[in-house]
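Just so we're aligned, residue 272 is where the sequence shown starts under my numbering, counting upward by one. Even for Gly, the Cβ is constructed at its ideal location relative to N, Cα and C. In this text, all values refer to a predicted model and were calculated from it rather than measured experimentally. Written below as structure tokens is the structure these notes are about.
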Amino acid sequence: MLSICIPIFNHDVRSLVKDLHQQATDSGKEFEILLMDDASEETCKKLNHECATLEKVSLAELEENVGRSRIRNRLAEKARYPWLIFMDCDSQCRDRQYIQNYLKHIQSEGIVCGGRLYLPTPPEDSTYLHWLFGTHREVNPPHIRALKPNHSFMTNNFMIAASIMKKIKFNESLKGYGHEDTLFGVELLKNHIKIQHIDNPLYHVGLQSADEFLHKTREGTRNLLKVYKILNHDPALIEMVKLLKVWKRLYKTGLRYPTGMALKIIEPLMLGNLRGKKPKLLWLDLFKLGSICRQTADFRKT
Numbered sequence: 272m273l274s275i276c277i278p279i280f281n282h283d284v285r286s287l288v289k290d291l292h293q294q295a296t297d298s299g300k301e302f303e304i305l306l307m308d309d310a311s312e313e314t315c316k317k318l319n320h321e322c323a324t325l326e327k328v329s330l331a332e333l334e335e336n337v338g339r340s341r342i343r344n345r346l347a348e349k350a351r352y353p354w355l356i357f358m359d360c361d362s363q364c365r366d367r368q369y370i371q372n373y374l375k376h377i378q379s380e381g382i383v384c385g386g387r388l389y390l391p392t393p394p395e396d397s398t399y400l401h402w403l404f405g406t407h408r409e410v411n412p413p414h415i416r417a418l419k420p421n422h423s424f425m426t427n428n429f430m431i432a433a434s435i436m437k438k439i440k441f442n443e444s445l446k447g448y449g450h451e452d453t454l455f456g457v458e459l460l461k462n463h464i465k466i467q468h469i470d471n472p473l474y475h476v477g478l479q480s481a482d483e484f485l486h487k488t489r490e491g492t493r494n495l496l497k498v499y500k501i502l503n504h505d506p507a508l509i510e511m512v513k514l515l516k517v518w519k520r521l522y523k524t525g526l527r528y529p530t531g532m533a534l535k536i537i538e539p540l541m542l543g544n545l546r547g548k549k550p551k552l553l554w555l556d557l558f559k560l561g562s563i564c565r566q567t568a569d570f571r572k573t
């Protein structure tokens, strides 16, 4: 009935898999847990070999990193059951009802999104920026997510009918980090696929240092422009992403370049704040805007 699919990259998933395995076993339903490692470091892979000793758990290891989109497509191709749960490897269940909560919402066809949480206690190290952003920008109750269901789609925690995954796959031309969920959400919207939002979140526990988070943020703005091109400048995408809406307005008025250069001048000030103990999300917003504005020249060449 249920295939639980977890792409892995440099993370110890033993505790997560054991928890999910016990929950799925207790449900009394047919299930499998599919793990696929995307060319992690050897020390990490050795730890996760323990998971394969559990009944109904399989672990595949890829020799080369294929990326966030392709690995999800491969997991979907391997899945045997009509419903698939996808989750990020750096997740933690909020309670012991995670699997049961999804089983309650199995329909004939559709997608169910459970949401995301961050641990309530803020970290005291350099991962604070990631925690702050996630807590204030990514955590929303289901009734808020349901107002714009496709806009709120995230790949970290969702259940999808296998029949939909056969029709709509993750776009494998999108490499690197970020916005594969945005692109998938637009494709679902265009195909009139229903998304239901429920209260069944996973904790995101794999926080990144400020430097790594800022690097991924910059990479994400690059991917956002790629998505914009892949979708042939679809207005639906602009409505879904506030950053792209602002960028488009600047681009039309000829202010894209001066805005990018002005923000480049004050970027050291931004980074000083964002790497510090009291980062401001306004500076992060301006960091993203400057990044996407300065990448536009490269975007036009492509």
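For residue i, which option in the options has the closest C-alpha, if you only look at C-alpha atoms?
{"i": "Q293", "options": "R367, A310, H320 and R339", "result": "R367"}
{"i": "V337", "options": "L514, F441, L540 and R408", "result": "F441"}
{"i": "H475", "options": "L390, K461, V328 and K289", "result": "L390"}
{"i": "T236", "options": "L485, E303, M541 and L521", "result": "For residue 236 there is no data in the structure shown, the boundaries of the chain being 272 and 573."}
{"i": "G456", "options": "F429, N411, D470 and K446", "result": "F429"}
{"i": "V288", "options": "R343, I356, S311 and R341", "result": "I356"}
{"i": "K535", "options": "L515, V410 and F558", "result": "F558"}
{"i": "N372", "options": "L291, L418, K419 and E395", "result": "L291"}
{"i": "R343", "options": "P550, M358 and Y522", "result": "M358"}
{"i": "F302", "options": "E334, E458, W354 and K316", "result": "W354"}
{"i": "S362", "options": "L388, Y352, R351 and Q378", "result": "L388"}
Given a threshold of 16 other Cβ atoms within 10 Å of its Cβ, counted over all protein chains shown, does residue i qualify as buried or as exposed?
{"i": "N421", "result": "buried"}
{"i": "A432", "result": "buried"}
{"i": "P539", "result": "exposed"}
{"i": "T314", "result": "exposed"}
{"i": "R571", "result": "Confidence in R571 is poor, its pLDDT being 48 and thus under 50, which makes the residue's placement unreliable; the coordinate value appears in the next sentence. By the 10 Å Cβ count, R571 comes out exposed."}
{"i": "T426", "result": "buried"}
{"i": "S434", "result": "exposed"}
{"i": "I537", "result": "exposed"}
{"i": "P550", "result": "buried"}
{"i": "L454", "result": "buried"}
{"i": "R527", "result": "buried"}
{"i": "L515", "result": "buried"}
Could you pull out every residue in the same chain whose Cβ sits closer than 7 angstroms to the Cβ of residue i, ignoring the five residues on either side in sequence?
{"i": "K300", "result": "M272, L273 and L374"}
{"i": "L346", "result": "C276, P278, L305 and M307"}
{"i": "K576", "result": "In the structure as shown, the chain begins at 272 and stops at 573. Residue 576 is therefore absent and cannot be evaluated."}
Any beta-carbon of chain D closer than 7 angstroms to the one on residue i?
{"i": "D452", "result": "Among the protein chains of the structure shown there is no chain D, as only one such chain exists."}
With C-beta atoms as the reference, is residue i less than 7 angstroms away from residue j?
{"i": "L318", "j": "D283", "result": "yes"}
{"i": "T530", "j": "C564", "result": "yes"}
{"i": "C360", "j": "I277", "result": "yes"}
{"i": "H376", "j": "R416", "result": "no"}
{"i": "D308", "j": "I279", "result": "yes"}
{"i": "H401", "j": "Q479", "result": "yes"}
{"i": "R285", "j": "E332", "result": "no"}
{"i": "L495", "j": "H450", "result": "yes"}
{"i": "I370", "j": "A295", "result": "yes"}
{"i": "K465", "j": "G381", "result": "yes"}
{"i": "G405", "j": "P472", "result": "no"}
{"i": "P413", "j": "D470", "result": "yes"}
{"i": "L574", "j": "K487", "result": "This structure cannot speak to residue 574, because the chain is shown only from 272 to 573."}
{"i": "E443", "j": "R339", "result": "no"}
{"i": "S311", "j": "N281", "result": "yes"}
{"i": "F424", "j": "D396", "result": "no"}
Can you give me the start and stop residues for the beta strand (DSSP E) that residue i sits inside?
{"i": "E348", "result": "First-last for E348: R339 to K349, but that is the alpha helix (DSSP H), not the beta strand (DSSP E)."}
{"i": "C384", "result": "I382 to C384"}
{"i": "D308", "result": "F302 to D309"}
{"i": "S329", "result": "V328 to L333"}
{"i": "L418", "result": "Taken as a continuous stretch (DSSP letters only), L418 belongs to no beta strand (DSSP E), as it is neither H nor E."}
{"i": "N428", "result": "N428 to A432"}
{"i": "Y474", "result": "L473 to H475"}
{"i": "Q467", "result": "I466 to H468"}
{"i": "C364", "result": "S362 to C364"}
{"i": "I377", "result": "Careful: I377 lies outside any beta strand (DSSP E) and carries neither H nor E."}
{"i": "F357", "result": "W354 to M358"}
Since residue i is in the alpha helix (DSSP H), which residue starts that stretch and which ends it?
{"i": "I439", "result": "Taken as a continuous stretch (DSSP letters only), I439 belongs to no alpha helix (DSSP H), as it is neither H nor E."}
{"i": "C276", "result": "C276 -> not in any alpha helix (DSSP H); beta strand (DSSP E) instead, spanning L273 to I279."}
{"i": "F455", "result": "E451 to K461"}
{"i": "M511", "result": "P506 to M511"}
{"i": "M541", "result": "E538 to L545"}
{"i": "I501", "result": "A481 to I501"}
{"i": "D556", "result": "L552 to R565"}
Between residue i and the rest of its own chain, which residues show a CB-CB distance below 6 angstroms, the 5 nearest in sequence each way excluded?
{"i": "S562", "result": "R489 and T492"}
{"i": "T546", "result": "Position check: residue 546 holds Arg in this sequence, whereas Thr was assumed. Closer than 6 angstroms at the Cβ level, and outside the excluded window around R546, lie A481."}
{"i": "M511", "result": "H422"}
{"i": "W554", "result": "M541, N544 and L545"}
{"i": "W518", "result": "I563"}
Note down, in chain order, each residue of its chain lying with its Cβ closer than 8 angstroms to the Cβ of residue i, except the 5 sequence neighbours on either side.
{"i": "K548", "result": "Y399"}
{"i": "L552", "result": "L403, F404, H407 and R408"}
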